[in-house]
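Trainee: Note that numbering that gives the first Met the number 0 numbers the sequence shown so that position 60 is 59, with each residue one more than the last. In this text, a Cβ means the ideal position worked out from N, Cα and C, and glycines have one as well.
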Amino acid sequence: MELRAGGLGDPRVRALIAHHLAESRASTPAANAHALGAGALDRSDIDFWAMWDGEELLGIGALRMLDADHAEIKSMRTAPAHLRRGVARAILAHLIAQARTQGCARVSLETGTMPMFDAANRMYEAAGFVDCPAYGGYPASPHNRFMTLML
Numbered sequence: 000m001e002l003r004a005g006g007l008g009d010p011r012v013r014a015l016i017a018h019h020l021a022e023s024r025a026s027t028p029a030a031n032a033h034a035l036g037a038g039a040l041d042r043s044d045i046d047f048w049a050m051w052d053g054e055e056l057l058g059i060g061a062l063r064m065l066d067a068d069h070a071e072i073k074s075m076r077t078a079p080a081h082l083r084r085g086v087a088r089a090i091l092a093h094l095i096a097q098a099r100t101q102g103c104a105r106v107s108l109e110t111g112t113m114p115m116f117d118a119a120n121r122m123y124e125a126a127g128f129v130d131c132p133a134y135g136g137y138p139a140s141p142h143n144r145f146m147t148l149m150l
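1. Secondary structure at Gly38, three-state DSSP: helix, strand or coil?
2. In the DSSP output, which residue or residues are listed as bridge partners for Val129?
3. Which stretch, first to last residue, makes up the alpha helix (DSSP H) that contains Thr27?
4. Would you mind working out which of Gln97, Ala92, Gly111, Asn143 sits nearest Ala125, comparing C-alpha positions?
5. Tell me the rounded alpha-carbon separation between Ala61 and Thr110.
6. Ignore the nearest five residues each way along the sequence and tell me which others in Val106's own chain have a CB closer than 8 angstroms to its CB.
7. Checking the sheet assignment: what are the DSSP bridge partners for Phe47?
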């Protein structure tokens, strides 16, 4: 497995982002769906990575700088054919390491509360993330879960 920076122009990456958006939005009310599309991920305050096995896309993840010491994990997604193989854990570990490298004191994330997010929530808890109040302008809602990890 190899993590590569960038790749938002790759059609395989764009297809996985579209899949992520479709599934997230199908289970979350529109006002509470905060997943970003490929265009919204292509910003100077967001670093995007894709994990590959040769030329096969395994998963994606991004790190958004909220301020000088607070980063946010965005767009974590494993390709459906590669679930339960450690892809998401490897991407998450990389994003946390990047936040540390950039001098962050904490890294946070927003995820869903519906059953489709259960595996992700367990992974975040296992990595040490704990519940926190809504941050970064997100509205609090019963459909969203906000988590943070002090670094």
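Mentor: According to the data block:
1. Reduced to three states, the DSSP call for Gly38 is helix.
2. Thr147
3. In the DSSP annotation of this structure, Thr27 is not part of any alpha helix (DSSP H), being labelled neither H nor E.
4. Ala92
5. If you take the alpha carbons of Ala61 and Thr110, they lie about 14 angstroms apart.
6. Excluding sequence neighbours, Val106 sits near Leu62, His69, Ala70, Glu71, Ile72, Leu94, Ile95, Ala98, Thr147, Leu148, Leu150.
7. Ala61
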